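In terms of this note's numbering, the sequence shown is numbered consecutively and its last residue is 1391.
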Amino acid sequence: LLTEDNELAGIITSKDIAKAFVSFRKHTPDKYQSSQIKELIAGDYMSENVETISQYAKIPQLADAMLETGYNGYPVVDDEDQIIGIVTQSDLLKLIYEMETQ
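This is how it looks when you write it as structure tokens:
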């Protein structure tokens, strides 16, 4: 999630979604759940202080970071720390597959 100034405010991970859903189900009466789930705000459930990775990072550095943190994806930043993309475990698997099948 980005701020109005295009700076990284946080990300929503699958763990964040799971925690939000469990909390929602626990604290919202059944008869209101289908209407109120549409009102949840992403920023209320995001992970803040997210690590990023430079666009110049080597693939082994990215893989090490993913293994160390457990992140499934990393926001990629340019020289000005602006988000320019995200690289995921699926991207890495696709790269490995392409390298192995060439």
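Backbone N, C-alpha and C define an ideal beta-carbon position, used for all residues, glycine too.
All figures in this text were calculated on a predicted structure; none of them were measured in a lab.
Query - Secondary structure, alpha helix (DSSP H): runs of 4+ residues fully inside the segment 1290-1332 - result: Counting whole runs of 4 or more residues, the segment 1290-1332 contains the alpha helix (DSSP H) stretches 1303-1316, 1319-1325.
Query raised in the report: Q1322: which of A1354, S1336, V1311 sits nearest, CA to CA?
Result: Residue 1322 sits at position 33 when you count from the first residue of the sequence shown. For the residues A1354, S1336, V1311, the minimum Cα distance to Q1322 belongs to V1311.
Query raised in the report: V1366 and S1343 look like a contact to me (Cβ under 8 Å); what is the Cβ gap, rounded to whole Å?
Result: In the sequence shown, the residue the question calls residue 1366 occupies position 77. In the sequence shown, the residue the question calls residue 1343 occupies position 54. The C-beta distance from V1366 to S1343 rounds to 6 Å, short enough to fall under 8 Å.
Query raised in the report: How many Å lie between N1295 and D1319 at the Cα?
Result: In the sequence shown, counting from the first residue as 1, residue 1295 sits at position 6. In the sequence shown, counting from the first residue as 1, residue 1319 sits at position 30. Using only the alpha carbons, I get a separation of about 37 Å.
Query - Contacts around I1375, its chain only, beta-carbon distance under 8 Å, and the 5 residues preceding and following it disregarded - result: Within the sequence shown, numbered from 1, the residue matching residue 1375 stands at position 86. For I1375, where only same-chain residues beyond five positions count, the Cβ hits under 8 Å are G1362, Y1363, P1364, V1365.
Query raised in the report: Between T1302, I1326, M1388, K1327, which lies nearest to T1377 when the distance is taken from Cα to Cα?
Result: As a working note, residue 1377 is residue 88 in the sequence shown. That would be T1302, whose Cα lies nearest to the Cα of T1377.
Query raised in the report: By the 10 Å Cβ neighbour count, where 16 or more other Cβ atoms means buried, how is Y1360 classified, buried or exposed?
Result: Residue 1360 sits at position 71 when you count from the first residue of the sequence shown. By the neighbour-count rule (16 or more Cβ atoms within 10 Å), Y1360 is buried.
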